[in-house]
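Quick note on numbering: the sequence shown equals residues 1 to 517 in full-length UniProt numbering.
We treat Cβ as the ideally placed atom computed from N, Cα and C, and that holds for glycine.
Shown next, in C-alpha cells, is the structure this report addresses.
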Amino acid sequence: MNSIKIWRPAGRRHGKMMGKTAKKIRAALAFFLLLPLFAETVARAAVLPEFYDMRLAEPFDRSSYIDGRKTLLNEVGNQGSANICWAFTAAAALESNVYKNWQRQGIAYSVDARGFRLSPWKMAWFSYARPVGEADDLTGAMGKPLKKGSYSVPLASRVYGHGSWPLFAPEFLAGSGIGFRKAAASVTEDMKAPVGWGEDAGLRLRNIFTSTSTKLYQPAEIARMKSMMLAYGALAAGINSLPLQQKGAVSYYRNKTLPVNHGVNIIGWDDAYDFSESGLKVKPRHKGAWIIRNSWGKDWGEGGYAYLSYEDKTLHNYVAYDTSLDRAAYDWIDTHERSNCLVPPRQNWENGSGPRYRQMESGSGFAAGYQAGKAGRITAVGFYAMADGMEYTITIRKGSLDPAQGTLALEQSGRFGADNTPEWAGYRTVKVSPDVVLASGEAYTVAVSLRNPKGKVRLVLSPQLVESRKADSVYSYIRRGGHGHWQKTIRPNDGDQPVWYRNSSVIERVYLKSAEK
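Pasting the structure below:
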C-alpha cells in the first residue's frame with residue numbers, strides 16, 4: 001500500500017456498573033477468551049446478510065435508526081489539511097472493535113456520553129515522534145529531545161504531512177499503547193503538536209487482519225471482507241481519492257485502477273444498492289455497494305458517508321483490528337524493532353525506509369535474542385503471518401542470545417484457522433502455554449518458523465535507526481528454509497548483508513508479565 005496522502009481540490013479542507021471483583025474477572029478473561037465469539041460469528045455468517053450498516057440500532061434492517069447506545073461508530077471527523085487519513089481510519093476501526101466487544105460482553109455505553117474515543121492526531125504525532133521514556137517526556141525518533149508545546153513548523157509539517165499504512169500504524173504501538181490516547185468529546189483538533197501525552201486509552205492490540213489480494217471486486221474477496229466486519233467491526237481501507245472529489249456525489253465507482261493515496265472506512269454494505277440513477281458516466285454492471293466513511297467532515301457525501309460499488313477498481317487493501325481493554329494482559333514487551341515502521345520504502349522522512357518484505361520458501365523463519373531486564377514470565381508472542389491459514393512453530397530457548405544454542409524451554413506449534421482462531425493473514429498474537437519463566441538478566445531467544453501449505457512465506461523486517469546499528473546490542477536472525485542456518489541481520493560490516501535485510505531487525509514482540517503477578 002502506498003503512502004496515504006490526500007489529494008484534495010482547492011478550497012476543501014481535508015483531510016451498568018459492575019463490582020470490583022466482576023471487573024477484575026472480566027478483564028482477566030477478555031484478552032484471550034473472545035475466540036469462541038469469533039467462531040460463532042463466522043458460523044452465523046455462513047450465509048452472509050444482504051444488508052449491514054454499523055450506524056444503525058438494528059444493523060441488518062434498512063428501516064432501522066441511528067441509536068448512540070447501539071452504533072459502532074463515533075461521529076465523523078475532519079482531518080483538515082493534514083495528510084493523516086490513515087490515523088482517522090485506524091481510529092474509527094479500532095473504536096468500532098471496542099464497541100463490538102462491549103456489545104458482546106453486555107456492557108452498556110453511549111457514543112454521546114460513555115463512548116470510547118481515540119485521538120487520531122496524537123496517534124499520528126506519536127507514530128512519527130516516537131516518544132520514549134516517562135509520560136510527558138516527548139522524545140524524537142532519533143533520540144533528540146523535542147520542546148514541549150513549542151514545536152518547529154517543519155517538524156510538525158513533516159509529522160502531519162506524511163501518510164502511513166493502517167496495517168503498521170497502530171501495530172507498533174501495540175505494546176506500550178503510547179499512541180492510543182483518549183480524545184476529547186469533540187473530534188476536532190488542529191495540526192499543532194501536543195503539549196503532553198494525554199490520557200492513556202488503555203487499548204491493547206491482539207491481532208490485525210489484512211487483505212492478501214488487490215482484486216477486492218472478486219466474490220471471494222467481498223465475502224472475506226463482510227465476514228471480517230461481522231466479526232471485528234469497521235475496516236480501514238486503502239483507495240484512491242480522485243473519484244471521491246465529485247462534488248455532491250454519494251455514489252462512487254471507477255472501472256480502472258489508480259494508485260492508493262487515501263484511506264476510508266468500510267462500515268457496511270447493501271447488496272441491493274442500485275447505481276442506475278447515480279449520475280455516474282460509467283456505471284457498474286451489477287447492484288451492490290460498500291458503505292464507506294470518509295474523514296473530510298460531514299459536508300462530504302451524506303453526512304460523511306457514501307456508497308462504493310463492489311466492482312470498484314481503486315479499492316486495493318484493508319485491515320481489521322482485534323483489541324482488548326485489559327491493561328493487565330502484559331506488563332512489558334521485549335522487541336528489537338526500534339525504527340518507524342509506518343511507511344513504505346523511501347517515504348520515511350526520519351530514516352529513509354519502511355518495512356521490508358522477502359518471499360522465502362515455506363519453513364523459513366526469524367528469531368531474536370533478548371536479555372531479561374527483570375524477572376518475569378513470557379505469556380505470548382506476536383509476529384506477522386502474511387498469508388491465510390499459516391502454520392507456525394514458536395521455539396523459546398534460555399541461556400543464550402543465539403537461537404541455535406541454549407536450553408529448550410518451549411516448543412509450540414499451531415495453525416491459524418484451527419482451535420477457533422481466525423485464519424486471516426496479518427499481525428498475530430499467540431498465547432504460549434505454559435508461561436516461560438525468566439530470571440532477571442537471563443538471556444533467551446524466541447524463534448518463529450512459518451509454513452504456508454499454499455506456497456512461500458513472506459518475512460517482514462523493520463529497518464534500524466542509525467544509533468541502534470550495533471552488532472553487540474541487536475540480536476536479530478533469519479533462516480532460509482526449515483533446515484538452514486541462522487543468519488544475523490545486523491553485523492559490524494553491513495556491506496556483507498543482502499540489501500533487503502541489511503541493518504534490519506525482525507518484527508517480533510515478546511509479551512511478558514512481572515514474576516510477582
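Item: Is the Cβ-Cβ distance between G414 and T210 less than 9 angstroms?; Value: no
Item: Check this for me: beta carbons of L216 and S251, under 9 angstroms apart or not?; Value: no
Item: Below 9 angstroms between beta carbons: does that hold for P243 and Y232?; Value: no
Item: So for L242, helix, strand or coil by DSSP?; Value: helix
Item: Below 8 angstroms on the Cβ atoms is my guess for T489 versus I478; work out the distance and round it to an integer in Å.; Value: 6 angstroms
Item: In three-state terms, what does DSSP make of R117?; Value: coil
Item: Could you tell me how far apart the beta carbons of E423 and G389 are, in whole angstroms, since I believe they sit closer than 8 angstroms?; Value: 5 angstroms
Item: With G362 as the anchor, note down where its alpha helix (DSSP H) starts and where it stops.; Value: With the sequence shown as reference, residue 362 is identified as Ser, and Gly is not the correct amino acid for it. Where S362 is concerned, there is no enclosing alpha helix (DSSP H), given that its DSSP letter is neither H nor E.
Item: With DSSP as the reference, label R254 as helix, strand or coil.; Value: coil
Item: Could you spell out where the beta strand (DSSP E) holding W102 opens and where it closes?; Value: No beta strand (DSSP E) holds W102; the alpha helix (DSSP H) holding it covers 85-105.
Item: Would you call D299 buried or exposed, if buried means 16 or more other Cβ atoms sit within 10 Å of its Cβ?; Value: exposed
Item: Can you look up R327 in the DSSP assignment and give me helix, strand or coil?; Value: helix
Item: How big is the Cα-Cα spacing for A328 and G202?; Value: 10 angstroms
Item: Within 10 angstroms of the Cβ of E50, are there 16 or more other Cβ atoms? Answer buried if so, exposed if not.; Value: exposed
Item: Do three or more CB pairs link the stretch 439-458 to the stretch 395-403 at distances below 8 angstroms?; Value: yes
Item: Going by other Cβ atoms of all chains shown within 10 Å of its Cβ, with 16 needed for buried, is V47 buried or exposed?; Value: exposed
Item: Please return the same chain residues whose Cβ sits closer than 6 angstroms to the Cβ of A515, not counting the five positions on each side in sequence.; Value: A375, G376
Item: Using the three-state DSSP reduction, which class does Y392 fall into: helix, strand or coil?; Value: strand
Item: Does DSSP put Y475 in a helix, a strand or coil?; Value: strand
Item: Please state whether the Cβ-Cβ distance between I292 and Y305 is less than 9 angstroms.; Value: yes
Item: Checking the sheet assignment: what are the DSSP bridge partners for A443?; Value: Q371
Item: Where does the unbroken beta strand (DSSP E) through Y307 begin, and where does it stop?; Value: 305-309
Item: Got a sec, what are the start and stop residues for the alpha helix (DSSP H) P219 sits in?; Value: 219-232
Item: Pop quiz: D271 and G288 are said to be a contact at Cβ under 8 angstroms. What is the actual Cβ separation, rounded to whole angstroms?; Value: 5 angstroms
Item: Any idea if Q359 is buried or exposed, counting beta-carbon neighbours within 10 angstroms, 16 or more meaning buried?; Value: exposed
Item: In the DSSP output, what is Y427 paired with across the bridge?; Value: I208, Y384
Item: Among V436, G406, N420, which has the Cα closest to the Cα of Q412?; Value: V436
Item: With distances taken between CB atoms, is the gap from N101 to T323 smaller than 9 angstroms?; Value: yes
Item: Give every residue of the same chain whose Cβ lies closer than 6 angstroms to the Cβ of F383, excluding the five residues on either side of it in the sequence, and list them in chain order.; Value: V448, E508
Item: Check for me: the beta strand (DSSP E) holding S413 runs from which residue to which?; Value: 407-415
Item: So W86 packs on G297, CB below 8 angstroms; how close in whole Å?; Value: That pair is no contact at about 17 angstroms.
Item: State yes or no: is the C-beta of A90 within less than 9 angstroms of the C-beta of Y392?; Value: no
Item: Enumerate in chain order the residues of its own chain whose CB-to-CB distance from N240 is below 7 angstroms, with the five nearest sequence positions on each side excluded.; Value: L258, P259, V260, N261, H262, T314
Item: Express the C-alpha separation of H286 and D200 in angstroms, rounding to a whole number.; Value: 46 angstroms
Item: Is the distance from the Cβ of G406 to the Cβ of Y52 below 9 angstroms?; Value: no
Item: By Cβ distance, which residues of its chain are closer than 6 angstroms to E302, with the 5 residues on each side in sequence left out?; Value: V250
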